[in-house]
Amino acid sequence: MRTTVELSNEKRAKLLAIAARRGLRGYSRLIDEALDLYLAREEEKRAGELKELLSLAGTLTDAEAAEMEKRIGEAWRKWRL
1297 MRTTVELSNE KRAKLLAIAA RRGLRGYSRL IDEALDLYLA REEEKRAGEL KELLSLAGTL
1357 TDAEAAEMEK RIGEAWRKWR L
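Have a look at this one:
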């Protein structure tokens, strides 16, 4: 799919240089590769955050959890006003 991306002249020049070293005519493959790496890293980060959150399960007593739910509810009611 074709799209337009705004790049600084410096980044464009660096991409063209890397593409030339790899024997590529343009830098589309480099952009695609960079996006794959970025998206994979974001997915790993999100999975790590989820794992960390799930590890907290059961760390509050029932009374602490009830108090926290109460405070969150109060905060939401104030926020909506």
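Position one of the sequence shown corresponds to residue 1297 (this note's numbering), numbered consecutively onward.
Positions of the beta carbon are idealized from the N, C-alpha and C atoms, including for glycine.
Bear in mind the structure is a predicted one, so any value in this text is a computation, not a measurement.
A1362 versus L1349 - alpha carbon distance: Translated into positions along the sequence shown, residue 1362 becomes position 66. Translated into positions along the sequence shown, residue 1349 becomes position 53. Roughly 18 Å separates the two Cα atoms.
Does the beta-carbon of Y1323 have 16 or more other beta-carbons within 10 angstroms, so that it is buried, or is it exposed? Taking the sequence shown and counting its residues from 1, the one referred to as residue 1323 is at position 27. It is buried - the Cβ of Y1323 has at least 16 other Cβ atoms within 10 Å.
Taking the alpha helix (DSSP H) that S1304 belongs to, which residues open and close that run? Within the sequence shown, residue 1304 is the residue found at index 8, counting from 1. Careful: S1304 lies outside any alpha helix (DSSP H) and carries neither H nor E.
Would you kindly work out how many angstroms separate the C-alpha atoms of L1320 and I1314, rounded to a whole number? Within the sequence shown, the letter at position 24 stands for residue 1320. Within the sequence shown, the letter at position 18 stands for residue 1314. Each residue's alpha carbon lies about 8 Å from the other.
Nearest by alpha-carbon distance to M1297: which of A1353, E1370, I1327 is it? If you number the sequence shown from 1, residue 1297 lands on position 1. For M1297, the nearest C-alpha among the options comes from I1327.
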